[in-house]
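J.: I have a structure here, written as structure tokens, and I will follow up with some questions on it.
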Amino acid sequence: MKPSTLTSIIGGFGLALSATAALAHGANIEVSQGQIQIQATYDGGNPMANAQVLVYSPDNLEEPWTEATTDESGRFSFEPDSAGTWEVTVRQAGHGDVVTIPVGESATAADSPEVEAAPVQAGLSPMQQWVTIGSVIWGFVGTALFFSRGKR
């Protein structure tokens, strides 16, 4: 076996192992009430640093009440201006979570919010779709050329 072939096999195996670790990410959100504080983490416990946060007020669930990002620790806080059920979405790189937070007239830090998590279905952007299609086609072409060259 040629050294370059062995290197390719080992490199491909290492790449496959690293890809499975990356695919294992999910998202979790912890909520504290009073001034609403969000702690967003991946399933492995790593913070969702600089993740997109969309907050929807009870009065309008179609347009965000505010848009922001989490800090380096995956934290974000806001102070609701009305009572009702608020919805907070945190997303980053295809991972995300949605929580609903009931806020009463006299919400205090001792109140325990009910949190319902729902998975965020993130589709591929058009650019990602074209890159994926191009990669598959290039893979087919490379495989065809490899087998068409014959024995040497």
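Residue numbers in the sequence shown follow this note's numbering, run continuously in steps of one, and reach 1323 at the last position.
Just so it is clear, CB atoms sit at the ideal spot from N, CA and C, and this is done for glycine as well.
This structure is a prediction, so every number in the text was calculated from the model and none was measured.
Should the stretch 1294-1305 be regarded as contacting the stretch 1243-1262, the criterion being three or more beta carbon pairs within less than 8 angstroms?
T.: no
J.: Could you spell out the range, first to last residue, of the beta strand (DSSP E) harbouring residue 1267?
T.: 1266-1274
J.: Mind pulling the alpha helix (DSSP H) runs of 4 or more residues that sit fully within the stretch 1216-1252?
T.: You should have found no qualifying run.
J.: Given residue 1211, which residues of its chain have a CB within under 6 angstroms of its CB, disregarding the five upstream and five downstream residues?
T.: Same-chain partners within the cutoff: 1200, 1219, 1222, 1241, 1245, 1261.
J.: To the nearest whole angstrom, what separates the beta carbons of residue 1253 and residue 1229, a pair I think is in contact under 8 angstroms?
T.: 6 angstroms
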